[in-house]
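Numbered according to the UniProt record's numbering, the sequence shown spans residues 1 to 329.
Don't be surprised by glycine CBs; every beta carbon is placed ideally from N, CA and C.
To keep things clear, I will list the structure first and then write my remarks on it.
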Amino acid sequence: MVELVWNNPKIHRIQIELPRNPLKNLNIYVLQTPERSLVIDTGFNDPACHEVLWAGLEELKLNLSSTALFLTHFHADHIGLVWDFVERGVPVYMGKREYEYTKTINAEDIVGGMNEAFSQEGFPGGLQLRHLGESKGRLEIPRTGFPVNVIEDGEDLPMGDLKVRTICTPGHTPGHTVLYLPEQQLLFTGDHILFDITPNISIWPSVPHSLADYLESLKMVRKIPVRQSFPAHREAGEDIYQRIDQLLEHHRCRLDEIRQTVIDHPGITAYETAGLIHWSLRGLSWEMFPYNQRWFAMAETLAHLYYLVDAGRIVRDESGEFVRYYCWQ
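Given below as structure tokens:
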């Protein structure tokens, strides 16, 4: 499905359904000027995504010799089809911080490192193995080693007279990057700001402060004049500033909820904490959560626990078999 979502400059959205995925869809944006075109993200490395993406690009009659691809971050639903573009001679751009992180660690290291941390935090080993076996996204990650043109934070992409500025917004991933058109005040938010769902904030190997990074990135984007935003999933809202305030409030409430859970259950593990707090997943109990959703919920719980520890609001005890959390009021 190709839809014109902005007229000057011309911006089309190619919406790709993500079956059996709580994100529901991915929005690929195509920014076109008379001289240049820019594709933002790709979809999974999956035949269905490939078919919809290239049918949309053909409908737009894109001239690949004057087209570039920008990747907002390294998640499989955003970079999965990158080799399609590389093999057609399309230059690929990515923010420097995100690229540097992907160079130092691969998907196996990320999942392995998180599983090791999860074991120490009380996550059952059998569930980890099930998640590894059931994670379809792991099969949809592209081959590594694709060539990248690295862009510094604040640098403009080569789009002729049209200014398309990169802004690093770490949090959802260590170097997530949004694109901003300052003259038109348009913002491609990637997964940094979503309107219908809350972006997942996880822990990452060697990046212990992802939630703090995310909150600071939200506050930074709130200072930018934005007329219209274009999120990577679902639909855009009318007021990005209201949405930023909602996201900040969501995480403030989540931090308070988790701290209170630690107060009420001294010596609780992260996995036990995740099972006691509220999740918006069709009313399912924690025991009925799909294994992969439990894995993501655990990662988000840890991001909030780490934030509370860093802020001195709870303490972390690593002396036993599992890490346990306390709050000395």
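Using CA coordinates, which residue listed in the options is at the minimum distance from residue i?
| i | options | result |
| --- | --- | --- |
| I151 | H172, G95, M114 and P158 | G95 |
| H304 | D256, P19, M1 and Q246 | D256 |
| F230 | L53, H192, P34 and F296 | H192 |
| F118 | G190, T104, T261 and A274 | A274 |
| L62 | D46, P47, Q32 and C49 | Q32 |
| D161 | F322, C327, I314 and P9 | P9 |
| P208 | D310, W286 and G125 | D310 |
| L302 | Q260, W204, L215 and W279 | W204 |
| R20 | R313, G312, S319 and N292 | N292 |
| G125 | M220, R294 and L215 | R294 |
| M159 | P34, G320 and E58 | P34 |
| G320 | L64, E51 and Q120 | Q120 |
| Q260 | V315, W54, L215 and Q184 | V315 |
| L18 | W54, H78 and E58 | H78 |
| L215 | R254, Q184 and E238 | R254 |
One question on the structure: do residue i and residue j come within less than 8 Å of each other, judged by their Cβ atoms?
| i | j | result |
| --- | --- | --- |
| H250 | I197 | no |
| S202 | A299 | yes |
| F289 | R243 | no |
| G43 | G80 | yes |
| R222 | L186 | no |
| I258 | L308 | yes |
| Q329 | I263 | yes |
| L23 | I16 | no |
| L38 | V2 | no |
| V323 | A270 | yes |
| Y326 | D317 | yes |
Please confirm whether any heavy atom of the ligand GDP lies closer than 7 Å to the CB of residue i.
| i | result |
| --- | --- |
| T269 | Among the ligands in the structure shown, none appear at all, so the ligand GDP cannot be discussed. |
Assuming residue i and residue j form a contact by the criterion Cβ under 8 Å, report the distance between their Cβ atoms to the nearest whole angstrom.
| i | j | result |
| --- | --- | --- |
| D41 | L71 | 6 Å |
| L157 | T169 | Not confirmed; about 16 Å, so no contact. |
| S210 | G171 | 6 Å |
| K97 | G175 | Correcting the residue type first, residue 97 is Arg in the shown sequence and not Lys. That belief holds up - the Cβ atoms of R97 and G175 are roughly 3 Å apart, short of 8 Å. |
| T102 | F74 | 5 Å |
| P142 | V92 | About 11 Å; that fails the 8 Å criterion. |
| Y180 | I224 | 7 Å |
| R36 | S66 | 5 Å |
| L247 | L218 | 6 Å |
Tell me which same chain residues have a C-beta within less than 7 Å of the C-beta of residue i, skipping the five on either side of it?
| i | result |
| --- | --- |
| L139 | The predicted model places L139 with a pLDDT of 43, which falls under 50 and marks its position as unreliable, so this point remains unresolved. |
| D245 | none |
| W83 | P142, R143 and F146 |
| K136 | Its pLDDT being 46, under 50, K136 is placed unreliably by the model, and the measurement read from it follows with that caveat. Answer for K136: no residue qualifies. |
| P182 | K163 and R165 |
| N7 | none |
| W286 | G275 |
Quick one: what's got a C-beta closer than 8 Å to residue i's C-beta in the same chain, skipping five residues either side?
| i | result |
| --- | --- |
| F296 | N200 and S202 |
| E272 | G122 and H265 |
| Y99 | V148, V150 and G175 |
| H12 | V2, E3, L4, V5, Y29, V30, Q32, G56 and L60 |
| G312 | none |
Within a Cβ cutoff of 6 Å, which residues of the same chain sit near residue i, ignoring the five residues on either side of it in sequence?
| i | result |
| --- | --- |
| I28 | I14 and D41 |
| T189 | V178, S229 and P231 |
| L69 | V39, F85, V90 and V92 |
| C49 | I16 and G43 |
| D213 | P170 and G171 |
| L64 | R88 and V90 |
| V52 | I16 |
Item to complete: Please go through the segment 54–95 and give each complete beta strand (DSSP E) segment of 3 or more residues, from N-terminal end onward.
Response: Runs of the beta strand (DSSP E) inside the segment 54–95: 67–71 and 92–95.
Discussion item. Quick check on the DSSP output: what are the complete alpha helix (DSSP H) runs of length 4 or more inside the segment 144–223, in order along the chain?
Written reply: 210–222
Discussion item. As an exercise, report each continuous beta strand (DSSP E) stretch of at least 3 residues that is fully enclosed by the segment 241–325, in chain order.
Written reply: 315–317
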